[in-house]
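*Asks:*
Protein chains in written order, with UniProt numbering: chain A, 1 to 242; chain B, 1 to 213.
1. Consult DSSP for residue 160 (chain A) and reduce its assignment to one of helix, strand or coil.
2. Would you report the Cα separation of residue 65 (chain A) and residue 31 (chain A), rounded to the nearest angstrom?
3. In the structure shown, what three-state DSSP assignment does residue 155 (chain A) receive?
4. Would you tell me roughly how many angstroms separate the C-alpha atoms of residue 71 (chain A) and residue 157 (chain A), rounded to the nearest one?
5. Roughly how many angstroms separate the alpha carbons of residue 116 (chain A) and residue 224 (chain A), rounded to a whole number?
6. When the cut-off is 8 Å and only beta carbons count, does residue 197 (chain A) lie next to chain B?
7. Determine the burial state of residue 202 (chain A): buried for a count of at least 16 other Cβ atoms within 10 Å of its Cβ, exposed for fewer.
8. State the Cα-Cα distance for the pair residue 162 (chain B) and residue 48 (chain A), rounded to the nearest angstrom.
9. Reducing DSSP to helix, strand and coil, say where residue 7 (chain A) ends up.
10. Tell me whether residue 146 (chain A) sits in a helix, a strand or coil according to DSSP, three-state version.
11. Assuming residue 9 (chain A) contacts residue 50 (chain A) under a Cβ cut-off of 8 Å, what Cβ separation, rounded to an integer in Å, is found between them?
12. Mind checking which residues open and close the alpha helix (DSSP H) that includes residue 114 (chain A)?
13. Under 7 Å between beta-carbons, which chain C residues line up against residue 121 (chain B)? List them in chain order, please.
14. Work out the CA separation of residue 19 (chain A) and residue 69 (chain A) for me, nearest whole Å.
15. Classify residue 98 (chain B): buried if its beta carbon has 16 or more other beta carbons within 10 angstroms, exposed otherwise.
16. How is residue 64 (chain A) classed by DSSP in three states: helix, strand or coil?
17. The alpha helix (DSSP H) that contains residue 24 (chain A), what's its start and end?
18. Where are the alpha helix (DSSP H) runs, 4 residues long or more, that stay fully inside the UniProt domain "Transcription regulator PadR N-terminal" (7-78) of chain B, in chain order?
19. Looking at the strands, I want to know which residues DSSP matches up with residue 41 (chain A).
20. For chain B, check one thing: does any of its Cβ atoms lie closer than 8 Å to the Cβ of residue 223 (chain A)?
21. How would you call residue 212 (chain A), buried or exposed, if buried means at least 16 neighbouring beta carbons within 10 angstroms?
22. In terms of DSSP beta bridges, what is residue 198 (chain A) paired with?
23. Which residues of chain B have a Cβ atom closer than 7 Å to the Cβ of residue 189 (chain A), listed in chain order?
24. Residue range of the beta strand (DSSP E) that residue 221 (chain A) falls in?
25. Using a beta-carbon distance cut-off of less than 9 Å, what residues from the UniProt domain "Transcription regulator PadR N-terminal" (7-78) of chain B approach chain A?
26. Exposed or buried, what is residue 181 (chain A) when buried is set at 16 or more other beta-carbons lying within 10 Å of its beta-carbon?
27. Looking at residue 109 (chain B): is its Cβ nearer than 8 Å to the Cβ of residue 166 (chain B)?
28. Give the secondary structure of residue 90 (chain A) by DSSP, where H, G and I count as helix, E and B as strand, and everything else as coil.
29. Could you check whether the Cβ of residue 70 (chain B) sits closer than 7 Å to any heavy atom belonging to the ligand SAM?
30. For residue 156 (chain B), which residues in chain A fall below 8 Å Cβ to Cβ?
31. Opposite residue 80 (chain A) in the DSSP bridges: which residues?
32. Does the pairing of the stretch 160-175 of chain A with the stretch 104-119 of chain A give three or more beta-carbon distances under 8 Å?
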């Protein structure tokens with residue numbers, strides 16, 4: 001059996017020292033397999049975003065480890081971590097982080113170009129990713145020429161571009177109206193159905209419901225897990241017994 | 001749930017017989033509220049008695065057709081014009097359960113909230129899966145599913161709210177001490193969740209039929 005795309009083992013993160021010490025995450029164990037969309041829910045300040053930052057190698061855990069496709073990323077030198085993020089991990093930030101001086105297509109192509117892909121190939125991939133999220137026509141616009149919702153979709157395209165195996169999304173539907181938000185979740189869902197793994201942090205139950213599995217986090221600990229649900233085939237069996 | 005008005009709405013589009021009405025009713029609502037043909041004929045009998053429909057002959061196979069009367073059309077228009085009343089809805093078992101849980105000593109209310117939330121989220125996942133599969137142009141079925149989605153979402157939001165209210169209360173005054181095991185143990189009937197899971201599994205046949213499209 002293949003290694004999970006993402007594995008968190010005993011993951012903990014403490015900020016500050018002494019009386020000001022805050023344990024943001026405590027002993028979290030979690031695996032996400034290929035093809036799986038996992039949603040993380042919990043109140044504000046429960047540790048959801050910390051979990052995602054650690055999973056994406058954007059922060060370093062105080063305890064435990066993060067494995068992406070079986071490889072521990074926790075101890076990797078920064079350069080290697082950055083390369084891994086460019087190639088394998090797509091990250092959608094709550095505050096988008098688009099580069100204002102670059103067009104939508106350039107923003108989306110950037111991680112591939114930084115990774116050595118030719119400009120032409122990177123642009124082609126960027127256009128495909130923009131198409132996937134329904135904003136191909138905005139390829140030549142700069143972020144300040146787009147609405148919040150459009151920028152959000154570009155940020156999602158940047159996370160999906162190329163052949164990312166793991167997509168980490170922190171409230172990716174935040175700036176979107178409900179129909180556009182749903183369209184974005186359909187894109188994430190389709191990516192996972194095609195074999196990627198994704199972790200979606202959200203406080204919206206309606207959005208979390210697109211996931212295969214929902215975990216709850218409170219005060220830095222995982223407190224519940226809906227478990228992976230069975231497909232429609234099991235419903236057919238249930239119907240027969242009615 | 002108004003079978004009577006549902007049937008009138010179908011008959012408004014032309015005469016139909018019992019099995020046809022059942023099939024069309026279920027197809028519009030994705031079998032979320034399955035009907036048996038007995039219910040259809042009982043309802044047709046009442047509609048006939050009240051002058052809202054009349055028998056309209058038989059076909060070669062002995063199916064008795066019904067057609068809507070002017071009086072029936074008036075009744076149907078009134079139904080569409082009037083909002084659905086919020087009075088007289090079934091009692092909300094979950095609200096009652098939570099109201100009891102916060103007052104009966106020894107109940108782990110946070111656990112009640114969490115287990116309900118996980119359960120409701122699973123239902124929400126089911127509805128969402130059905131929605132993902134539903135044909136884009138099947139607006140009637142999409143709307144029924146979205147109604148279930150929004151209701152489940154509202155329940156989850158209310159449970160989140162209960163949880164933060166509880167947290168605030170516990171900050172102000174610690175939770176009451178648990179009663180001895182024999183006194184508090186029976187506060188939450190163990191079979192209640194099973195009943196609810198039947199409720200949430202309502203659109204069963206829809207799942208299958210639509211899923212196979």
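Where a beta carbon is used, it is the ideal one built from N, C-alpha and C, also for glycine.
*Replies:* The relevant details are as follows:
1. Residue state for residue 160 (chain A) is assigned as helix, using DSSP reduced to three classes.
2. Computed Cα separation, rounded: 12 Å.
3. If DSSP states are grouped into helix, strand and coil, residue 155 (chain A) belongs with the helices.
4. Looking at the backbone, the Cα of residue 71 (chain A) and that of residue 157 (chain A) are separated by about 25 Å.
5. Taking the straight line from one Cα to the other gives about 42 Å.
6. Cβ-Cβ to chain B under 8 Å: no for residue 197 (chain A).
7. Residue environment for residue 202 (chain A): buried (at least 16 other C-beta atoms within 10 angstroms of its C-beta).
8. Approximately 20 Å between the Cα atoms of the pair.
9. Residue 7 (chain A) falls in the strand class under three-state DSSP.
10. Three-state DSSP puts residue 146 (chain A) in coil, outside helix and strand.
11. No, residue 9 (chain A) and residue 50 (chain A) are not in contact; Cβ-Cβ is about 16 Å, not under 8 Å.
12. Run containing residue 114 (chain A): 104-114, per the alpha helix (DSSP H) assignment.
13. Looking at the structure shown, chain C is missing, and the protein chains on hand are A and B.
14. Each residue's alpha carbon lies about 38 Å from the other.
15. Taking every protein chain shown into account, the CB of residue 98 (chain B) has 16 or more other CB atoms within 10 angstroms, so this residue is buried.
16. In the structure shown, residue 64 (chain A) sits in a strand (DSSP, three-state: E or B).
17. Segment 22-32 is the beta strand (DSSP E) holding residue 24 (chain A); no alpha helix (DSSP H) there.
18. Correct list: 18-28 and 37-49.
19. Paired residue(s): A:216.
20. It does; some Cβ of chain B falls within 8 Å.
21. With 16 or more other Cβ atoms within 10 Å, it is buried.
22. Residue 198 (chain A) is bridged by DSSP to A:37 and A:167.
23. Neighbours of residue 189 (chain A) in chain B, taken as residues whose beta carbon is under 7 Å from its own, are 132 in chain order.
24. Its beta strand (DSSP E) spans residues 221-225.
25. Cβ contacts with chain A come from no residue of the UniProt domain "Transcription regulator PadR N-terminal" (7-78) of chain B.
26. So residue 181 (chain A) counts as buried.
27. With a cutoff of 8 Å on beta-carbon distance, residue 109 (chain B) and residue 166 (chain B) are scored as near each other.
28. Three-state result, residue 90 (chain A): strand.
29. Among the ligands in the structure shown, none appear at all, so the ligand SAM cannot be discussed.
30. Near residue 156 (chain B) (Cβ distances below 8 Å), the residues of chain A are 205.
31. Residue 80 (chain A) is not bridged by DSSP to any residue.
32. By the Cβ rule, the stretch 160-175 of chain A counts as touching the stretch 104-119 of chain A, because three or more pairs are nearer than 8 Å.
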